[in-house]
Amino acid sequence: MKHPQIHIADAPQFYDIEVFNQCEQSQNLMVTIECWKDVHPALVTLPVDWDHPIPYGILYAKEPDADVTHFIETVKKAQEKNM
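Under the working numbering, the first residue of the sequence shown carries the number 152, and numbering increases by one thereafter.
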């Protein structure tokens, strides 16, 4: 959907506090995930109920230590049970 007064801009691939500072200073709106609701003291998050799932993943080293390997294996087994 397009509207002549709405302009969508992509944020940088990697967020830091400057992205949120710019949002506050420019008076722009930002769509964020719920876990960032308290990331900036001058911003307010209004929860929305949209049908837009956000995929998440677990990020870990290519050569993980034994504890991480055990955790990843446990997660994979749990996922297989839920399929």
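The C-beta atom is built at its ideal place from N, Cα and C for all residues, glycine as well.
Looking only at its chain, what residues have a beta carbon closer than 7 Å to the beta carbon of W201, apart from the 5 residues adjacent to it on each side? Within its own chain, no residue has a Cβ closer than 7 Å to the Cβ of W201 once the five positions on either side in sequence are excluded.
Hey, which unbroken runs of the alpha helix (DSSP H) at 4 residues or more fall wholly within the region 160 to 205? Uninterrupted alpha helix (DSSP H) stretches at least 4 residues long and entirely within the region 160 to 205 occur at 168 to 177, given in chain order.
If you draw a straight line from the C-alpha of N172 to the C-alpha of I159, how long is it? Distance between the alpha carbons of N172 and I159 is about 18 Å.
Where the alpha helix (DSSP H) containing E214 begins and where it ends: First-last for E214: undefined, no H or E at that position.
Pair within 7 Å by beta-carbon distance, I184 and I209: no
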